[in-house]
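K.L.:
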Amino acid sequence: MSMKTVTVKLPEPLAAWLARRSRELGHPQSDLIREALERLRQGGAGDSCHDAFADVCGSVRGPKDLSTNPRHLVGFGE
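Residues 10 to 87 (my numbering) make up the sequence shown, in order.
So, in structure tokens, the structure goes:
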């Protein structure tokens, strides 16, 4: 697929956030912008909460059965 270059002016806070996020994820800024535009073109951030937070899913360490094992719910809601 051929790519067309487009220049975009960003306010400094947004440009700084984009640079940080690019470093955190290890992806070029252009990839992040392209993905965001594609999501907009498709009608939003995604179809589910998981879609919105896919980049951080699996980044928390803990029990793998947290939502299904009753022993983790002892005292919950009291």
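Just so you know, even glycine gets a beta-carbon here, dropped at the ideal spot from N, CA and C.
#1: Tell me the rounded alpha-carbon separation between Leu23 and Arg30.
#2: On a CA-only basis, which of Gly67, Leu82, Pro72 and Ile42 is nearest Val15? Give me that one, please.
#3: For the putative contact between Leu19 and Leu27, defined by C-beta atoms under 8 Å, what is the C-beta separation to the nearest angstrom?
#4: Just confirm the distance between the C-beta atoms of His59 and Pro72, as a whole number of angstroms; I'd bet it's less than 8 Å.
#5: State the DSSP-derived secondary structure class of Asp40, mapped to helix, strand or coil.
P.N.:
The relevant details are as follows:
#1: 10 Å
#2: Ile42
#3: Leu19 to Leu27, Cβ: 7 Å. Contact.
#4: Actually they do not touch by this definition, with Cβ atoms about 19 Å apart.
#5: Helix at Asp40.
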